[in-house]
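Chains as they are written, first to last, in this note's numbering: chain Z, 1 to 293; chain R, 1001 to 1439; chain P, 2001 to 2320.
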Amino acid sequence: MATVAQRRPVRPRRWRMRRRDGSVLGGVLTWMAVVVIVVVTVVPLLYVVLSGFRSTGQLNTDPVALPDPWVWSNYRDILTSGDYWRFLLNSTVIAVIATALAVGLGAMAAFALSHYAFKGRELIYGVFTIGLLFPLGVASLPLYLVLRDIGLLESPLGVAIPEAAFSLSITIVILRPFMRAIPQELFDAAMLDGASRLAYFWRILLPLSAPALSTVAILAFVTSWNFYLLPLLVFNETSHFTLPLGVATFQSQYSQDTARILAFTALSMIPSLAFFVFAQRRIVGGLTGAIKG
Amino acid sequence: MRSLRLRTAVAAAMAVGAMAVVAACGSGDSSSTSTGAGTSGGSTGAAASGEPVTLTWWHNATNDPLKTLWGKIAKDYEGANAGVTIKVQPIQNEQFTTKIPLALQGDDFPDVYQQWGGGQQATQVQSGKVADITDQVAPWIGDIGGIADGWKTDGKQYGVPYSQHVVGFWYRKDLFEKAGITEPPTTLDELNADVQKLKDAGIAPIAIGAKDRWPAAFWWEYFALRACATDTMQQALANVDFSDECFVKAGEDMKAFMDTKPFQDGFEGTTAQQGAGSSAGMVANGKAAMELQGTWNPYVMSDLTEDKELFSKLGWFPFPEVEGGAGDPHAALGGGDGFSCTTKQADACAAFLEYLVSPEVQKQLVSSGATTLPVNPEAASAITEPTVKDIQSYVNDTPFMQTYFDVALPTDIGQAVNDAIADFTVGQGSPEDVVAAVR
Amino acid sequence: MSADLASRPARRATVRRAARHRLLARRRLELALLLGPALLLFGAFVLAPIGIAAYYSLHEWSGFGPISDFVGFDNYRRAFEDDVFRGAISHNLIIAGLSLLIQLPLAIALALLLNRRLRGQGALRLIVFAPYVLSEAITAVLWLLLLQPDGAVDQTLQAVGLGGLVQPWLADRDIVLYTMFAVVTWKYIGFGIILLLAGLQGIPSELRDAAAIDGASPWQATRYVILPLLGPTIRIWIFLSIIGSLQLFDIVWIMTGGGPAGSSATMATYLIDRGFRRYQFGYGSAVAVILFLICFVFALLYQRYALRRDTRGALAQGVG
């Protein structure tokens, strides 16, 4: 008994670290790595944000410098112009619809593919994975024609629905093994209790799959948010544009006004980053869950 | 087994069904699912008949001053023509090449849209949706002279220009002075000498936005204009056949010129108009002495610098003469901007285009600074800038104006030529390769 | 009585068969309900366009007028005969190879280093993951500005005394592809690190302690214990990374358009440039189908050889 207890190290963490790494070197390397990562990642982003506070003239004379004087008009003009907010709204509406569709239909399909046995199941699963292998840009012309014939042009649905369709692939690829890994006992117990499979799906499986569901929801949301090509084809009216389309159009429209472009770019980064902050616990948690099962 | 076949059959049926729908619609005219952006009925919608007409207008002026000006002109027209509404839609220039073919696929196309003429126009005419307005414009098209020919396909008028451009050298008078150059060059030898003087003074002689490809094309096309006789040139473009020796000579002349290293460092990655590092930006900020560009360039440059005195420092001279060529030493490369009408409301559209080339609108275009060269000679009197006046008279006197090749040729060949020239400019490929690109 | 006894098994069998039929029918209904909508959506908006694109690839079509010019496999032949396309394929392969050689070890090393309990671990993860959240378009615009000659990157290098390293990042044909790789790495390394961190956290710490107690050096523990256990995660990352390398488009398109002179072209930029921009939709579609087939074959082979042994184990672990 005593020997079992002694097998666990008495002193936690620090003692273990020193034993494992042998020296302070590991700690130093870690800090160096951290510094490099932070610098390389954050500095370009900071550059964009800060440059928005300069004028194009300042940028032309000296690309790398702090704003002097601080120019507020770039950010102010964009935030008050209404365009930015409209793009933001459009992007949000479309992303929400696309995510709801992708996750909803994807979860149902993943359930079918994990809890039902039928001939051709693996084939259908394989068909869904095809969506991962085909670049959307190529399908854009035929997709445009399909949308036109259904009458979905110039409508948010014309963007949200195809986005959901393409997101189905990664959704199902992540959800199916997760659902399979839910212990068989739960399923058996539910069946014994007389529940139907659908009831099991709705009442037990979905709540249990929350981490994976939030992961795929976030991936679908971010993917939809960042889509550029599809909105470009579907929308002609500026008022319908989404944010990435707005950035690109803005960039060509004001191609000479570098400072303003940077300000717009900075403002466009904010929703994505804010969303990520809000959801980051879920993403990493979900990925951890998906990998550990 | 049964379920697999069922599922596969359903999927196959859907795919085939979708394809059939698309093929049926793509091949013709029957599609009824038009979500037409505001076009109302009536293919003869002439305002005079009293029927309300809405014209959808796609133009490429996403910048001021032209963006505001077009808006005002649309309102003026609406005011003068009761029952006509114009729905103005500025579309970013680069997006036209994507949007127009898509729009012409179905029934959802604009009534008036940006048109550069030439082979591009000919390709679009294939769709059957671009309107032949020869009859509608006949009464007034003569007012704008020969330039309208650039918007003819198969002898019929499919578009109307509203402004012209010509390509020439924009140069910094102050930098030329600094290098000890007293007069702009008139021959290639003089240009080479000036390039050397500028280098000696530590100034990048010529800026070029080679990354964007089309600026490089200007150079090769001018060398071709100097090397090839006018009819050879016209024949070659009409027949899409560059087998004449003179085109190879053009490449060789250009290569000899490029061997003197006249361009700025890193020119392969420089854009034409984006930011201070672009070729326009370099001239605007005095980092390079000259650039071969179109008449739009000063306005591009003014946005790229804080220098308020820019315009007073800029001068213009035409492409110099090149020895040993069969081409006319005063032939010019240029083009124009215009609009085309589509079949749905051709008459109303043509009436609107008549307004656009009228002296009153043309004078507004000139004085706004939005477009430097009008197509209506009457408006030329409104030009105040001396440099622009010089350019205008040069254009009036030039014996032969050639449209940019990528507009004159069918689109796929035009782009192939641009690519070949771009490769050639950065040192990949030979003069023969450029010619070979025209298949 | 005896008659009943004799017929009971038969009747029971009949009843059972009927019940099974009802059950099967109900299962089919449930399947249709669950799978149907997703399949419909997928079929109409993903499969159908792919099928249509394949149909276009057999024709020469400018995008205007009817699709009438059937040319069979001519477009495919033309693609393989084009130097620029072959060059583009090699560029994709180079990028895929570099990600395996450089990004993977880097991500593993960083994940291992970051796996300790650190102050601000959450914030660090946020920072590392941030570039992934940005859209490709914004990333490209950002780096395009930073990499201009005498732009932010050049000036920073000069400021720290590394001015000799300054190159024409986007203009030099020999360098530009590697510049693209660097930008892609910046964007995606964070994702790899987070993925590997998640995998690392799945490894029980007792295993490491056991290795330490057994006298293994940290290096040996890593090599023989941790890395093998990270195997499934690494293999997933490799899969996603290679597919991503093959389909690389947005960043290259916005930053260089495939130039100068095709030196940074990828298969995807090639097909948009030579196909759609030149109004040769048949040709562009053919190149797209080629790209798709390359990805498909890779996915198939990878699934069979690399992921197979993971599948059984991975099913328990939850990653397909």
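Where a beta carbon is used, it is the ideal one built from N, C-alpha and C, also for glycine.
All values derive from a computational prediction rather than experimental measurement.
query: Lysine 1211 (chain R): first and last residue of the uninterrupted beta strand (DSSP E) it sits in; result: Premise fails: lysine 1211 (chain R) is in no beta strand (DSSP E) and is neither H nor E.
query: Glutamate 2060 (chain P) in three-state terms, based on DSSP; result: strand
query: Bridge-paired residues (DSSP) for isoleucine 2136 (chain P); result: Note that residue 2136 (chain P) corresponds to glutamate in the displayed sequence, not to isoleucine. In the DSSP output, where bridge partners are listed per residue, glutamate 2136 (chain P) has none listed.
query: Interface flag, leucine 2101 (chain P) vs chain Z, CB-CB below 7 Å; result: no
query: Own chain partners of threonine 1033 (chain R) with C-beta closer than 7 Å, once the 5 adjacent residues on each side are dropped; result: Any reading at threonine 1033 (chain R) must be qualified, since the residue scores a pLDDT of 32, below 50, and its modelled position is unreliable; the value itself is stated next. The answer is none, since no qualifying residue turns up.
query: Residue range of the alpha helix (DSSP H) that includes proline 177 (chain Z); result: 156–180
query: Any chain Z beta carbon closer than 7 Å to glutamine 2155 (chain P); result: yes
query: Distance, leucine 2170 (chain P) Cα to threonine 1271 (chain R) Cα; result: 11 Å
query: Residue range of the unbroken beta strand (DSSP E) whose run includes phenylalanine 53 (chain Z); result: Counting along the chain, phenylalanine 53 (chain Z) falls outside any beta strand (DSSP E), and DSSP gives it neither H nor E.
query: Rounded Cβ spacing between serine 2263 (chain P) and leucine 2177 (chain P) (contact assumed at less than 8 Å); result: 6 Å
query: Residues from the region 1077–1098 of chain R in contact with chain Z, defined by Cβ distance under 9 Å; result: Gln1089, Pro1090, Ile1091, Gln1092, Asn1093, Glu1094, Gln1095 and Thr1098
query: Below-7 Å beta-carbon distance, tyrosine 2302 (chain P) vs any chain R residue; result: no
query: Exposed unless 16 or more other CB atoms sit within 10 angstroms - verdict on methionine 1301 (chain R); result: buried
query: Valine 1357 (chain R) in three-state terms, based on DSSP; result: coil
query: Contacts that glutamate 2030 (chain P) makes with chain Z (C-beta to C-beta distance below 7 Å); result: Arg197 and Leu198
query: Cβ shell of tryptophan 1116 (chain R) (< 6 Å), same chain only, five flanking positions each side left out; result: Val1407
query: Beta-carbon proximity check, valine 39 (chain Z) vs phenylalanine 53 (chain Z), cutoff 7 Å; result: no
query: Beta-carbon proximity list for leucine 88 (chain Z), same chain, < 8 Å, skipping 5 on both sides; result: Leu243 and Pro271
query: Helix, strand or coil at glutamine 2158 (chain P) according to DSSP, with G and I counted as helix; result: helix
query: Interface residues of chain P facing tyrosine 116 (chain Z) [CB-CB closer than 9 Å]; result: Arg2027, Glu2030, Leu2031, Leu2034 and Leu2035
query: Interfacial residues, the region 228–243 of chain Z to chain R, with Cβ spacing under 9 Å; result: Leu232, Leu233, Asn236, Glu237 and Thr238
query: As assigned by DSSP and simplified to three states, the class of glutamine 2148 (chain P); result: coil
query: Every unbroken alpha helix (DSSP H) inside the region 1367–1432 of chain R [4 residues or more]; result: 1386–1397, 1405–1408 and 1411–1425
query: Span of the beta strand (DSSP E) around phenylalanine 1169 (chain R); result: 1168–1172
query: The region 2116–2128 of chain P contacting the region 262–269 of chain Z, beta-carbon criterion three pairs below 8 Å; result: no
query: Short-range partners of chain Z found in the region 1100–1115 of chain R, where Cβ spacing is below 7 Å; result: Leu1102, Gln1105, Gly1106 and Asp1108
query: Within 7 Å, strictly: CB atoms of glutamine 1362 (chain R) and proline 1377 (chain R); result: no
query: Given isoleucine 161 (chain Z) as reference, the closest of Z:Val234, Z:Leu79 and Z:Val247 once Cα atoms are compared; result: Z:Val234
query: Chain Z contact for glutamate 1306 (chain R) (CB, 7 Å cutoff); result: yes
query: DSSP-derived helix/strand/coil call for alanine 1207 (chain R); result: strand
query: Residue burial classification, proline 2049 (chain P) (beta-carbon count within 10 angstroms, cutoff 16); result: buried
query: Per-residue DSSP class, three states only, for cysteine 2295 (chain P); result: helix
query: Own chain partners of alanine 1216 (chain R) with C-beta closer than 7 Å, once the 5 adjacent residues on each side are dropped; result: Ile1208, Ala1210, Ile1421, Ala1422 and Thr1425
query: Length of the line joining the Cα atoms of alanine 1048 (chain R) and tryptophan 2061 (chain P); result: Residue confidence for alanine 1048 (chain R) is low, a pLDDT of 47 falling below 50, so the modelled location carries little weight and cannot support an answer.
query: DSSP three-state assignment for glycine 151 (chain Z), whether helix, strand or coil; result: coil
query: Continuous alpha helix (DSSP H) assignments of at least 4 residues falling wholly in the region 179–205 of chain Z; result: 184–192 and 197–200
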